[in-house]
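Same order as they appear, the protein sequences are chains A and B.
Just so it is clear: in the first sequence, position 11 is 141 by this note's numbering, and no numbers are missing.
Just so it is clear: in the second sequence, position 299 is 385 by this note's numbering, and no numbers are missing.
The structure appears below as structure tokens.
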Amino acid sequence: MTTRIARLALVISIALAAACGSKKSPVVEPQAPPPADVAPPPQPVTQPTPRIINEATPTVPPVRDDALTSSSLDDLNRNSPLKPVFYLLDSSDIDPVAKAALDENAAVLKQHATWVVTVEGHCDERGTAEYNLALGDRRAAAAVAYLRSLGIAADRMKTVSYGKEFPFDAGHDEAAWSKNRRAHFVITGK
Amino acid sequence: MKYISLSFAIALGVAAVAAQTPQQQPSELGIELKSSGGAPPRLAVPAFVALSNDAETVAAARTISDVLWNDLNYEHEFSFVARDIYTTIPAAKSIDDPPLDRWREVDADGVVVGSVQKSGSQLLIRYRLYDVRSRPTRQLVGSEFTGSANPRRYAHTISDEIFKKTRNLDGVARTKLSFSSDRDGERLAGTIENRTVREIYISDYDGENQQRVTVGRTLNSFPTWAPDARSIAYVSWRRGQPNIFVSHIYDGTLTELTKGPSESYNPAWSPDGTRIAFSSTRDGHAQIYIANKDGSNVRRLTNAPSLDTTPTWSPRGNEIAFTSDRSGTPQIYLMSADGLGGIQRLTSEPFADKPTWSTSTNEIAFESRTGARFDIKVIDVATRTVKQLTFGEGSNESPVFSPYGRHLSFMSDRSGKLQIYTMTRDGRDVRQVTKNGENRLPSWSN
């Protein structure tokens, strides 16, 4: 109790000192004695304006003489003979159905020995944005590893993970989710 | 009793400055206020007085008092006099002479009065916070500002000053959010799929002043503010594979932190801003690495057959929490930031990811699978007690703490589209801060 009273006394005396101080100038904040007893000058409030950054344009892969224009690659990808591979929830296992699809893709890639592909790893929204980047990579890598075991050269296959950023079906049910858990093949060179 | 608590807070602040001692910790101050028994002090923030009749000054005066009320309300440290009563009380003729008796009648403990004056091309803003119950009248806080900033900025500055001086609390009114948005609707080139470009945006903490800070025309996502709030690390697919770039958004320069052909993502700044932890597939599959902020001196931290991802630093920078599926499902783990010593499992959830460490309590928030989708939970690192903050209203994901740990931001599709939200650290006062397009993966600046 005595400490409380002592503390209260301290409070009141300091509060009074602060109150007296503020009489001298309307702008002063409650302040201890120290040097300048004058109102602080107006403080400029500036806010840095973020500039839009002109970032480097994407580096375009060198175009080989025999390469087709990108629109013809687009046409090829629209009717792609390369099949997507689907996965179970939270899994990157290549199951028998996936194996069958990859067996067919391997045959196509052997038939078109100059084709270069990117294997996109995708996940459904039942995983998290962050972990799905790693899972999408593991899915694409699993598909590529199986194709390599069938004799497709590693330098013909790139992988990229899109996590759950670009679902193929925007729905929120298993019908949509099962389409979105996939390794998706894009022909990038012919 | 309310009067005592308000003035006691001030007195403590003054005493601390006078003695040149370290400032009171918010928790100590909070305990004093609690023991003094009253409800939170009741404030009134009547419209600031426009000292000229031009439209700009009148609009600025209205904006500043409205924004200030919102800022002061955000921390739940004060209660407020109902605003429809304000009109029954005459406006202050001068900020040095507000009708404090009238404010006392409506049970206010404090009143913030202010004025806005045009001064050339700039505005001059003055304000005072008065203790309404003291006799003689006592001014608790007061300042003046000038400049050509957005009027909201003055309100944010005043709010932060009032919190600092009356509660010794660091407010978030001048902090910013960053997130990834598809609002520009531009179609991604180089694919036959229907994919939309995403760019990094920033906004004030309350969602105002949204501005784009990248022009990658690609998938740009996972922004993370540097501790100095002047740079943003983010993941861009512009070279094909996802890799980490650092935009120094006020200097207009860019650092390529990681380069392909491997993938790197989930950047996390060390609290001192010198290093970035991230996950990368450079040695085969996703593992945790640390690099200096210029991309040099890359060190591998985890070495496991599991996917190790989504690192976050402890407030002191000596520990890293991360996600690993080494147990079969993704869970949160702890390790020392030098990668030496053991790895401790923290969570036992069906699926846990995106740990974010509070700087004020020893707690880690994360996203947890609850049913088909996700909710935000918080785990006390010492006791391992888990609290759930959201309850299945849409999927609630990718939490990040505000700089002082009193709020969280996260993304949710509860409105139908993915949007950015904020809420208090105990899950109350959920506010939607984006509306335009879909917006994902928030980061909160210091």
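Glycine included, each C-beta is placed from N, C-alpha and C at the ideal position.
Since this is a predicted model, take the numbers as computed values, not measurements.
Contact note: A:Asn-207 reaches chain B through Ile-278, using a C-beta cutoff of 8 Å and chain order.
When A:Asn-262, A:His-302 and A:Gly-319 are compared, the shortest CA-CA separation from A:Arg-312 is found for A:Asn-262. Look at A:Ser-202: its C-beta is not under 8 Å from any C-beta on chain B. Rounded to whole angstroms, A:Lys-288 and B:Ser-348 show a C-alpha spacing of 10 Å.
Nearest to B:Phe-308 by C-alpha distance, out of B:Tyr-291, B:Asn-329, B:Arg-316 and B:Ala-315, is B:Asn-329. If you ignore the 5 residues before and after B:Thr-232, its C-beta comes within less than 8 Å of the C-beta of Ser-205, Gln-208, Leu-209, Leu-210 and Ile-211, all in its own chain and listed in chain order.
DSSP places B:Leu-432 in the coil class of the three-state scheme, outside both helix and strand. For the pair of segments examined, the region 276-288 of chain A was found to touch the region 218-236 of chain A: the number of CB pairs separated by less than 8 Å reaches three. For the pair of segments examined, the region 488-502 of chain B was found to touch the region 256-265 of chain B: the number of CB pairs separated by less than 8 Å reaches three. Per the DSSP secondary-structure output, B:His-493 pairs in a beta bridge with B:Thr-510. The C-beta of B:Tyr-351 comes closer than 8 Å to at least one C-beta of chain A. Judged by DSSP secondary structure, B:Gln-327 falls within the beta strand (DSSP E) whose first and last residues are 327-334.
Fully enclosed beta strand (DSSP E) runs of no fewer than 3 residues occupy 438-443, 449-456, 459-466, 472-474 and 482-487 of the region 437-495 of chain B, in order along the chain. Counting only residues of its own chain and dropping the five nearest sequence neighbours on each side, B:Phe-477 has a CB closer than 7 Å to the CB of Asp-461. Under the 8 Å criterion on CB atoms, B:His-371 is classed as interfacial with respect to chain A. The CB of B:Pro-528 never comes closer than 9 Å to any CB in chain A; the least such distance is about 11 Å. Rounded to the nearest whole angstrom, the CA to CA distance from B:Thr-433 to B:Thr-143 is 54 Å. Here B:Thr-409 is buried, its C-beta having at least 16 other C-beta atoms within 10 Å. Judged by DSSP in its simplified three-state form, B:Lys-251 adopts helix. With contact defined as three or more Cβ pairs closer than 8 Å, the region 387-402 of chain B and the region 415-429 of chain B are in contact.
Nearest neighbour of B:Tyr-160 by Cα position, chosen from B:Arg-190, B:Ala-136 and B:Ile-248, turns out to be B:Ile-248. At a cut-off of 8 Å, the C-beta of B:Asp-183 has no neighbouring C-beta in chain A. In the same chain as B:Ile-429, and ignoring 5 residues on each side of it, the C-beta atoms closer than 6 Å to its own belong to Tyr-419 and Met-421, in chain order. Residue pairing by DSSP puts B:Asp-217 in a beta bridge opposite B:Gly-196 and B:Arg-224.
Put simply, the backbone Cα of B:Ala-423 is about 48 Å away from that of B:Asp-217. With the criterion set as a beta carbon lying under 8 Å from some beta carbon of chain B, the members of the region 256-281 of chain A are Arg-256, Gly-257, Thr-258, Ala-259, Glu-260, Tyr-261, Leu-263, Ala-264, Leu-265, Asp-267, Arg-268 and Ala-271, in sequence order. Its Cα nearest to that of B:Ala-168, the residue B:Leu-129 stands out among B:Val-519, B:Leu-129, B:Asn-139 and B:Ala-147. Put simply, of B:Pro-441, B:Lys-379 and B:Tyr-320 the residue whose alpha carbon is nearest the alpha carbon of B:Asn-306 is B:Tyr-320.
Put simply, the CB of A:Ser-221 is far from chain B, with every gap to its CB atoms at 8 Å or more.
Put simply, the CB of A:Val-246 is far from chain B, with every gap to its CB atoms at 8 Å or more. Within the region 450-478 of chain B, the residues whose Cβ lies closer than 9 Å to some Cβ of chain A are Glu-453, Arg-455, Ala-458, Arg-459 and Phe-460, listed in chain order. A:Phe-315 does not reach chain B, its nearest Cβ partner there being about 12 Å away, counting only Cβ pairs nearer than 9 Å.
Separation of the CB atoms of B:Ser-365 and B:Ile-374 is rounded to 6 Å, and the pair is thereby assigned contact status at 8 Å. The beta strand (DSSP E) runs lying completely inside the region 374-423 of chain B and spanning 3 residues or more are 394-399, 405-410 and 417-422, given in chain order. Taking CB atoms only, B:Thr-409 has a neighbour in chain A less than 8 Å away. Out of B:Glu-405, B:Ser-392 and B:Phe-331, the CA that lies nearest to the CA of B:Pro-357 is found in B:Glu-405.
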